[in-house]
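Have a look at the structure below, then the notes.
Residue numbers (the UniProt record's numbering), protein chains in the order written: chain A, 1 to 102; chain B, 1 to 102.
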């Protein structure tokens, strides 16, 4: 069994208009994943919507963890919180998340 | 590189009230994944939200494919469309999807 975390974002403000802003968010998140000590992280990816379906959100993050405790370490990591506070929170038009066992 | 498909659902009607209805949807999707010939499908999972965060959606599906063509085979598979039409579509309060390279 594993524990999966999914988030979709629709951007507002500069992130909705300038792809470079979203690339900056993705790069910051990828650096955090590469550099942080996150035991129990099995896989993680993020990316901009490919534009092949109408009505989609703009961006998604998917992480698979050993269990809910490993997810919580990721969720609460100070570098993750810093990126959310400085680069993500004020640019979120809509955010939808699910965590599930599996 | 891979191609990731993410969907979150918030249920309405009987699916919002009866966990067995959602279990039936999850079981049908899992049987489809197990039985169908889906070349280029790397991983697939779905599940009910774990209830550890406020404001979350109710259910999510995550699939990772070799590329967008492999995703399209999954998306358009007749058994997938049948499950969506018969068990999912009329129970969706809100649906948010993203497909991304990665």
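For glycine and all other residues, C-beta sits at the position ideal for the given N, C-alpha and C. For clarity, every value in this text was computed on a predicted model and none was experimentally measured.
> Within this structure, are the beta carbons of residue 53 (chain A) and residue 6 (chain B) separated by less than 7 Å?
Replying inline: no
>> Residues of the stretch 28-51 of chain A in Cβ contact with chain B at a cutoff of 8 Å, in chain order, please.
In response: 45, 46, 47, 48, 49, 50
> So residue 74 (chain A) and residue 38 (chain A) are in contact, right, with Cβ under 8 Å, and what is the actual spacing, rounded?
Replying inline: 5 Å
> Count the other CB atoms within 10 Å of the CB of residue 94 (chain B); is the residue buried (16 or more) or exposed (fewer)?
Replying inline: exposed
>> Quick check for students: name the residue ranges of the beta strand (DSSP E) that lie wholly in the UniProt domain "Stress-response A/B barrel" (3-100) of chain A, counting only runs of 3 or more.
In response: 3-11, 41-48, 59-65
>> Considering Cα atoms alone, identify which of A:90, A:82, A:100 is closest to residue 9 (chain A).
In response: A:90
> What does residue 87 (chain B) reach in chain A if we use C-beta pairs closer than 7 Å?
Replying inline: By Cβ distance, chain A contributes nothing, its closest Cβ being about 18 Å from residue 87 (chain B), past 7 Å.
> By Cβ distance below 7 Å, which residues in the same chain neighbour residue 42 (chain A) in space, the five residues on each side in sequence not counted?
Replying inline: 2, 64, 65, 66
> Would you call residue 47 (chain A) buried or exposed, if buried means 16 or more other Cβ atoms sit within 10 Å of its Cβ?
Replying inline: buried
>> Let me check understanding here. Comparing Cα to Cα, which of B:76, B:4, B:45 lies closest to residue 27 (chain B)?
In response: B:45
> Of the choices A:70, A:62, A:57, whose alpha-carbon is the least far from that of residue 96 (chain B)?
Replying inline: A:57
> Count the other CB atoms within 10 Å of the CB of residue 76 (chain B); is the residue buried (16 or more) or exposed (fewer)?
Replying inline: exposed
> What residues of chain A sit near residue 6 (chain B), judged by a beta carbon separation below 7 Å?
Replying inline: 6, 8, 60, 62
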